[in-house]
Structure formats: structure tokens, C-alpha cells
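Notes follow once the structure below has been shown.
Number of protein chains: 2
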Amino acid sequence: MSTIRDVARHAGVSTMTVSRVLNNSGYVSVEARERVEAAIAELGYVPNSLARSLRSKQTRTVALVFTDVTNPFFTTLARGAEDAASHHDFNVILCNTDESEAKQDRYLAVLLQKRVDGILLVPARSRSEPVMLIQRQGVPVVVMDRRVPAAQVDVVRCDSERGAYEMTRYLMDLGHRHIALLTGPEGVSTARDRVLGYLRALSEDGQPIEDAMVVYGDFTQASGYDMAQQVLGLPLPPTALFAANNFIAAGAFRALSDAGLEVPTDVSIVTFDDLPAAWAYEPFMTVVEQPAYDMGYQATELLFARLSGQAPDACQEVILPTRIIVRHSSGSPLVTGGPRDH
Amino acid sequence: MSTIRDVARHAGVSTMTVSRVLNNSGYVSVEARERVEAAIAELGYVPNSLARSLRSKQTRTVALVFTDVTNPFFTTLARGAEDAASHHDFNVILCNTDESEAKQDRYLAVLLQKRVDGILLVPARSRSEPVMLIQRQGVPVVVMDRRVPAAQVDVVRCDSERGAYEMTRYLMDLGHRHIALLTGPEGVSTARDRVLGYLRALSEDGQPIEDAMVVYGDFTQASGYDMAQQVLGLPLPPTALFAANNFIAAGAFRALSDAGLEVPTDVSIVTFDDLPAAWAYEPFMTVVEQPAYDMGYQATELLFARLSGQAPDACQEVILPTRIIVRHSSGSPLVTGGPRDH
DNA sequence: CTGTTAGCGCGTTCAG
DNA sequence: CTGAACGCGCTAACAG
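So the sequences go chain by chain: A and B.
Everything in the first sequence is counted per our numbering, starting at 46 for the first residue and increasing by one.
Everything in the second sequence is counted per our numbering, starting at 46 for the first residue and increasing by one.
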């Protein structure tokens, strides 16, 4: 692999002239430029960005650390981040933590070593240590999707509490009085916020809180299956299940099928996070939709504002609205059919 | 951000001793090691892997360049690649090309500049130029999922031709005589191979080939919708649709719904690529399943074999088998119900 | 066991 | 318009 020196020798100029051609900086005579370009083509020269970054102290790369590549919610978010980054002519490194803090910490260590210019983080758990670790190295970071306590950091997220509140209200308006909430890990803010919204809706309505109706688990299909089975086995089982994300919903739906229960005739089921149109052969699930793409895009824009020093000193917290989409998985309890369209 | 020199000064040793502690190489007295470790902790020192890689001429990073982050087929493949890489203590950079050769070429250029140690490539189009570009720089590359013509390169892929052949046979055995194949871009080998398998099944059976029944498009939902509409408008419309991937299938299914056609009563629909269990609330589609995870894992293992010089000189072509999973989207033509289970 | 020297490939500085 | 010298942060090779 040839170096800038090889190119210089080949073109009969100094390395500096080659460098100027490469970076379009300073003045180079037309003749010299042509000779350099010919040498580059002939040698198949590829500049070494390691050396370049070492000198320039910037990598023009940001990292997106997130918790699940297999979840379209996050891949959509990733796409938003990539689109924003490419407008600034930056590259994005995608890092999948699988909801594991250990993996996350390993990635963060590697990324700091690689000297990425900034980090977009969906924290595996809502703790501030990882954020402070990054900040201690002077690397700008924007937290996405989830809150972290007591950290001075920019955050772009959705209003989980409100989304959960509205969906719970919707179910209550249908007549449901026994709604189970199947949520994620207690250490994740979105999992907790969705519980808070749910509880607020219930208590506003003067409804008793049944502890057994709120179950913490993981954002996975397997966990959704288990949690659903658990609440269905209760002496007074729920007439509606509210899943805190799409994977939990898928597992819960399977548990209903296995129990021989019809949706929404016997039990309603609703969830956070829509599936992309390409997934659902027939859109069926009533959902709280979150603007994943926008979240990725806006978080990345905020990161670049920080990188270029254009953002205000104070930390920003951008909270995006959610939207309820009613489909065919929800209906009134004990009434065949419910509010079906067809 | 502190450097190795700061640490050395702080610990009262030379930079070389610090380097030895960091890399666990050579001899360091217990006392010196402790002083160095204390200094590292106190300063929050993070080694600069740019400088390290510049010296050592290896980044311990491989890149996975693939065509669609939002498709679970590829994210599953990515997971296989990541798992294999992490066993070798390597990092993986994920690059999403969106089926665009322009994006792909841009990523490849960046990756070569970043001096990744190897590249795993799902080529956006089945052309050999990008592969040769990489090889010219002496960077090992393994092609995945798709063939490239006339290139001396390792390939790990599935047997698309055979999978398509078997699925077509299955449809013919059900009694179908008018099967439309909705496939991807003509420039992609998997799209073409699936046509070849389809044609072989038809001609083996002595069936006439109807040109209008084979439609090339994109691996997207929108394209699937359009292609389905096109064949449904034919004078003699198909009794079965065979989609070349899951996104095409989703679009085709929607076109059937919009046309008021029932599946599989009126029309059968089958496809390549299963959806992960977490997606399909009710597994419904009859599919040709491909071992995506294994493909990612094995391709990565092959890449590491090359990196360590353990692989045989000759290029390998690993062809993984596909598997047909019959569900409820396929039945006999003109017969209500067909081979439904429940 | 430890330190010194040199150089990885590039770009900044400053003098021609 | 062009080039020489230096250093980014780190480690291989060699002394001591």
C-alpha cells in the first residue's frame, strides 16, 4: 500500500504538494496537480485516515450506540442518524449493545480509543456513569430515547409517560377496567415512564391500582410471552394487555393464541412502537407510534450543533410527541367485535 | 485528553514502560506497573488507537457492508458476523448501503482509508469491480449472499437457484400452472438465480414459459406492490405469487388485499426469507428460509482464516442450503381452503 | 527489568 | 506556488 511519499516521488514533487492536492488547500500549479493526480491513479494510492486523524485530531466519524439491531424501531432511528450525518459529510459507526451494559461499556471504551468526534447513545440502562465516562474525555454525547438521571447532557426522546397515559385512557374509554401493563426492565426509563403514564390514567379515573397488573421484564418476545402468561393466570385476569414495546407485544400475542383467546373479542392487546409497513402483512395492532426516524435525525443534528459550538451552553431536552394509531387488536371488553372497521 | 507521555511523567517512568503495561508485553516490575496503573486511573487516560494502529499496521476492525439495515434478514446476518468477530476480539463496523452502488463505493473508499483489516461485503450489484478495488489494496474480502462474476474471491451464500426450484415445484405439486415470480433487480445474482430455479422447475415439468410471469423490480415493499398489480392485470392472471424476498412479499400481499383477493383461497403467495418470530404476530407466510445468522458467522470465520493465513490459497465458495417452511399462505388453486392446518 | 532512538503517514509552519 | 522540518501518539528494536 503506497504512501503519500510514494506519490510525491512518482510525481516528482514534495509530499506537501500531494497533500495540497488531496485536501484542495493552498495553491498548486495546474501542471503539478495533474502529475500528482496521475501518480495517485497509477499507484492506486489511498490516503491513510489514521495518520490524517492523528494529525488533525478529528475523525469525521460519530458513533451510534444502540440496544437492538433487530428492532425496526432502532434501525429506523439509525437511518435518521445516518441521513443527518451524511449531510455533514460525517460517517456513522453503528454499535449494537443487545441491551447489555457490559457490551455497551466495551463499545464505549473502543470508541473513545478510536477517537470518534461524538457519540449518540441509547443507554442500555438509565444510569449516568457511562455518560459521564464519555464526557470526562471531552467527547460530545447526545442521549437518545431514554433518560439518564442527574446528568448534564443533551437528550432527545419521546414522551413515554404521555403516550402510555393516552393509550391507557383509550382502553378505559372502551370500557376496560382490568388492564395489564407488560413493560421492560425497571432500570430503563422508558419502561418506568410507561408505567407512570399508565398509573396516572388509572388514578385520575379513580380506579384502584392492582400491583399484579404491572409486570417488569425484558424488551423481548420471550419475556412478553412469560409476562402475558403470568397475568392471564391471575384470579381476575385482564381484559386488555398493554405492551411496552413491539417485541413484548409479539410474545404476548402468541401467549394469547396459545391460551385459545381471540383478539380483540376475548382480550384486547395494544403496544408501543409500530411495525414498519413492510413487516405487517396486515396492519393489525393498535399502537403508540414513536417518531423513530426524527429522533435519530434530531439527535444527530443536536450533536453536530455541539461539535461546531453552535448550540447554547445549557443542555437541551427535546421531547417528541407520540401518536396513537387505532387498528383491530383493541375493542370493548365482553363485547364481540368491538370497534372494528371491517 | 492525556497521552502516554503524561502517564509516564505522572508515574515517573518512560513511555515505553507505560506501553508495556498497556499491552501486557515484556517485563515490568510489580512496583512500576502499580504506579503506572495508578497514573492511568488518576488521569483517566484512554490510549489512542489511531496512533496505535498507525504503528502496528492493524486496526483489529473489520467492516460489514450490507444493503439494508431495516431488513431482519441482514440484521440477523450482521449478528452472526458480530458474534464471530467478537470471538476473535475484533470490532465490526456496520455500513448500510441501501442497495445503492454509489453509497457502497463511498463506504468502501472510507473503509480503505480507515485501514480496516478486512471487509465483509454484500454487493449492491453483482459486479466484480468493487471487489477488485478492495483486493487491489491488499485487503481481504469475503462476499456474502450474492455472487460476483469472474472474481477470484471467497463467497458465502445460499442456494437461491435450488430454493426457488423447490418452492416452484411445491406450488406445481399443489396444482398451480400459472405462477408469477416477483424478483429483485436484474443486476443482483440472487434475483436472477431465483428466476433460474423457477424456470428449471417449469421446464422440467414441460410447462410453457410465460415471459410476463417473471417480473424484475426492487427488493422493496413498493416494488412488490407494483409487480403484483402488474401480473394481476394480465389476461390470464396467476393463481400463485412467488416473491423473491420478504419486502416484495409484503407489498404483493397488500396488492392482493387491495384487489379484494383472499389468500390462499383466491391466490397463493410464497416468498424467500422468513420473518423473525418477533415480527409475525401469527406466522402465516409459506417461505424459503435462508440461514442468515450462519451465513454471517461463517463468512466472518472465513475472513479471519484469510487474515491469519490459515485458509487454503484457492478461493472458497460456501453454499448454504435453504429450507421450505409451509404455512397458511399457500394452497391449491380454485379449491377453497387448500392445505390449511387450522 | 527499563530507557533511548527512530519512524509509522500525514499536515502545519514557515521559509524560500 | 513549493518544500524542509517537525510532531501528532504510539511501539519495535535495540541498548543498558
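Quick reminder that beta carbons are idealized off the backbone N, C-alpha and C, glycines included.
Just checking: is the beta-carbon of residue i within a distance shorter than 8 Å of some beta-carbon in chain A?
i                : result
Ser98 (chain B)  : yes
Phe298 (chain B) : yes
Phe317 (chain B) : no
Gln370 (chain B) : At residue 370 (chain B) the sequence reads Ile, which differs from the Gln that was named. So, not an interface residue.
Pro321 (chain B) : yes
Glu13 (chain B)  : The requested residue 13 (chain B) does not occur in the structure, where chain B is confined to residues 46 to 387.
Leu281 (chain B) : no
Ala295 (chain B) : yes
Considering only their Cβ atoms, is the gap separating residue j from residue i smaller than 8 Å?
i                : j                : result
Ala304 (chain B) : Gly229 (chain B) : no
Val137 (chain A) : Val114 (chain A) : no
Gly269 (chain B) : Ile293 (chain B) : yes
Phe111 (chain B) : Leu122 (chain B) : yes
Thr284 (chain A) : Val260 (chain A) : no
Ile364 (chain B) : Arg222 (chain B) : no
Met330 (chain A) : Ser377 (chain A) : no
Thr21 (chain B)  : Ala83 (chain B)  : Any property of residue 21 (chain B) remains undetermined from this structure, which presents chain B solely from 46 to 387.
Ala246 (chain A) : Met217 (chain A) : yes
Gln335 (chain B) : Leu347 (chain B) : no
Gln252 (chain B) : Ala295 (chain B) : no
Asp143 (chain A) : Pro175 (chain A) : no
Leu12 (chain B)  : Tyr243 (chain B) : Missing from the structure shown is residue 12 (chain B); chain B here goes from 46 to 387 and no further.
Val188 (chain B) : Asp199 (chain B) : yes
His55 (chain B)  : Glu76 (chain B)  : no
Leu67 (chain B)  : Leu99 (chain A)  : no
Ile254 (chain B) : Leu286 (chain B) : no
Gly262 (chain A) : Arg170 (chain A) : no
Arg207 (chain B) : Ser234 (chain B) : no
Val308 (chain A) : Phe298 (chain A) : yes
I want to verify the contact list: residues of chain A whose CB lies under 7 Å from the CB of residue i, in sequence order.
i                : result
Ser377 (chain B) : Those within 7 Å of Ser377 (chain B) in chain A number zero; the least Cβ separation is about 21 Å.
Which bits of chain A does residue i rub up against, with CB to CB less than 8 Å?
i                : result
Val121 (chain B) : Residue identity check: residue 121 (chain B) is Thr in the sequence provided, not Val. Within chain A, the residues near Thr121 (chain B) are Thr115.
Pro92 (chain B)  : Gln158
Val155 (chain B) : Ser94 and Asn136
Gln266 (chain B) : Ala322 and Ala323
Output, in chain order, the set of chain B residues within a Cβ distance shorter than 9 Å of residue i.
i               : result
Gly89 (chain A) : Leu178, Arg181 and Gln182
Between residue i and chain B, is there a C-beta pair that is closer than 8 Å?
i                : result
Met46 (chain A)  : yes
Arg207 (chain A) : no
Pro185 (chain A) : no
Leu95 (chain A)  : yes
Phe292 (chain A) : yes
Ala359 (chain A) : no
Please list the partners that residue i has in chain B, where partner means a Cβ-to-Cβ separation under 8 Å.
i                : result
Met330 (chain A) : Tyr326
Asn141 (chain A) : Ala123, Arg124, Glu127 and Leu139
Ser302 (chain A) : Glu327
When we look at the beta-carbon of residue i and count the other beta-carbons within 10 Å, is it buried (16 or more) or exposed?
i                : result
Lys102 (chain A) : exposed
Arg239 (chain B) : buried
Ile370 (chain B) : exposed
Pro357 (chain A) : exposed
Gly71 (chain A)  : exposed
Leu452 (chain B) : This structure cannot speak to residue 452 (chain B), because chain B is shown only from 46 to 387.
His276 (chain A) : Checking the sequence shown, residue 276 (chain A) turns out to be Val, not His. Buried.
Pro117 (chain B) : buried
Gln389 (chain B) : Lying outside 46 to 387, the shown extent of chain B, residue 389 (chain B) is not represented and no answer is given.
Asn141 (chain A) : buried
Ser74 (chain B)  : exposed
Ala257 (chain B) : exposed
Ala195 (chain B) : exposed
Met212 (chain A) : buried
Ser205 (chain A) : buried
Gln355 (chain B) : exposed
Can you name the residues of chain A whose CB is closer than 9 Å to the CB of residue i?
i                : result
Phe118 (chain B) : What Phe118 (chain B) touches in chain A: nothing, since even the nearest Cβ is about 11 Å away.
Hey, is the region 154 to 162 of chain A in contact with the region 88 to 105 of chain B, meaning 3+ C-beta pairs nearer than 8 Å? yes
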